[in-house]
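Protein chains: 2
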Amino acid sequence: MPHPPPAISEAESRVMEALWRKSPQSSEEIVAILQRDSDWHEKTIRTLLGRLLGKGAVSAEKDGRRYLYSPTLSREQWQSQESRSLLDRVFGGRLSPLLAHFSEHEKLGAKDVAELRRLLERIEKKGR
Amino acid sequence: MPHPPPAISEAESRVMEALWRKSPQSSEEIVAILQRDSDWHEKTIRTLLGRLLGKGAVSAEKDGRRYLYSPTLSREQWQSQESRSLLDRVFGGRLSPLLAHFSEHEKLGAKDVAELRRLLERIEKKGR
DNA sequence: CCAAAAGGATTACGAGTGTAGTCTTTCATG
DNA sequence: CATGAAAGACTACACTCGTAATCCTTTTGG
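Protein chains in written order, with this note's numbering: chain V, 1 to 128; chain Y, 1 to 128.
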């Protein structure tokens with residue numbers, strides 16, 4: 001593997017979000033979207049896009065005189081990286097302390113509980 | 001509240017770990033511990049300690065000619081902050097997507113499954 | 001008493017980040 | 001054809017972080 005998985009910064013991840021929702025997209029569209037739900041300057045958004053390109057987290061294909069951008073890193077890959085990172089940094093690499101933490105210190109909604117139940121079921125089924 | 005919760009960097013959190021395990025401690029002890037399980041230079045460790053002091057994440061009480069340091073931020077508070085941050089940044093602020101993500105993309109160990117089960121039980125009991 | 005060690009305070013310096021601004025090229029329009 | 005707007009490329013700048021080195025005091029061992 002030539003490239004280590006690119007590290008995406010907080011601000012950059014917002015740009016990725018736009019691309020994960022729809023791709024490919026021109027910078028114009030991306031700028032429009034992000035200006036709608038953030039207060040970033042157009043230049044800022046383009047800079048972030050450029051950095052993502054440099055990192056190889058997005059690719060660009062020429063479309064006439066402009067480019068169309070697409071994510072190279074999937075949202076799932078990114079979520080995995082980030083989750084892994086939290087687990088390793090904060091919870092000694094194990095999921096149980098994270099879960100214990102949530103059960104003790106954070107309130108779980110009905111949806112969370114339902115999801116938990118589904119998760120367990122799936123595991124039990126799979127676990128033969 | 002005068003101070004927003006201090007942001008602890010990766011390296012700084014290692015120093016916090018030492019203090020969470022035992023406190024108060026002198027910088028000498030902290031340096032010794034961290035030199036044992038990292039390859040940081042003494043100066044580096046002292047710098048990190050100093051930054052944590054500046055951020056208000058640890059406090060120092062004078063003990064003769066030196067200081068004894070104690071954490072101001074608890075490990076649980078920190079874990080909460082970091083967990084919250086992951087959820088907000090990566091999973092739209094909800095726990096279920098995190099769980100769904102783990103169930104679909106990460107392998108869970110027996111311990112994790114057991115913890116999950118206990119968690120669910122506890123919740124069910126509490127939930128009336 | 002003096003020189004070295006210990007502890008803390010200050011300074012350093014390159015990479016990454018947030019947040020733009022400027023420069024360049026290229027179409028499109030009057 | 002000359003201009004101006006749009007997209008991208010390059011530059012900027014302050015701040016955090018990782019990683020120390022240097023400077024200043026105070027204590028202490030010879």
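Every residue, glycine too, gets a C-beta built ideally from N, C-alpha and C.
Any C-beta of chain V under 8 angstroms from that of Y/R117: yes
Y/A7 versus Y/E104, Y/G93, Y/S83, Y/P97, residue with shortest Cα-Cα distance: Y/S83
Contacts around V/R66, its chain only, beta-carbon distance under 8 angstroms, and the 5 residues preceding and following it disregarded: S26, S27, E28
Own chain residues within Cβ distance below 8 angstroms of V/I30, not counting five before or after: V15, A18, L19, I45, L49, Y69
Beta carbon proximity, V/V90 to chain Y, threshold 8 angstroms: yes
Best match in Y/F91, Y/S13, Y/S85, Y/I33 for proximity to Y/E53 [C-alpha to C-alpha]: Just to set this straight, residue 53 of chain Y is Leu in the shown sequence, not Glu. It is Y/S13.
Supposed close pair Y/A57, Y/P71 - CB separation, criterion 8 angstroms: Y/P71 and Y/A57 do touch by the CB rule: their CB atoms are close to 7 angstroms apart, below 8 angstroms.
Short Cβ contact (8 angstroms threshold) for Y/S103 with V/R122: Contact: yes.
8 angstroms contact criterion, which Y/L73 and V/R117 should meet: CB distance rounded: Contact flag wrong, Cβ pair sits at about 34 angstroms.
Chain V contacts from the stretch 47 to 68 of chain Y (Cβ-Cβ distance under 8 angstroms): none
Three-state secondary structure assigned by DSSP to V/R66: strand
Beta-carbon proximity list for V/R94, same chain, < 8 angstroms, skipping 5 on both sides: L87
Endpoints, alpha helix (DSSP H) assigned at V/A100: Unbroken alpha helix (DSSP H) run through V/A100: 95 to 105.
Close-in-space but distant-in-sequence residues of the same chain around V/H41 (CB under 6 angstroms, 5 per side omitted): Once the five neighbours on either side are set aside, V/H41 has no close Cβ partner at all.
Cβ distance (whole Å) where V/S80 is taken to contact Y/E106 below 8 angstroms: So it is a contact: roughly 7 angstroms between Cβ atoms.
Residues, ordered as in the chain, of the stretch 22 to 48 of chain Y that lie near chain V by beta-carbon distance below 7 angstroms: Taking 7 angstroms as the Cβ-Cβ cut-off against chain V, none of the residues of the stretch 22 to 48 of chain Y qualify.
Given Y/P24 as reference, the closest of Y/V113, Y/A100, Y/K62 once Cα atoms are compared: Y/K62
Beta-carbon gap between Y/E115 and V/L99 smaller than 8 angstroms: yes
Contacts that Y/K125 makes with chain V (C-beta to C-beta distance below 9 angstroms): Those do not exist, as Y/K125 stays about 12 angstroms from chain V at its closest Cβ, beyond 9 angstroms.
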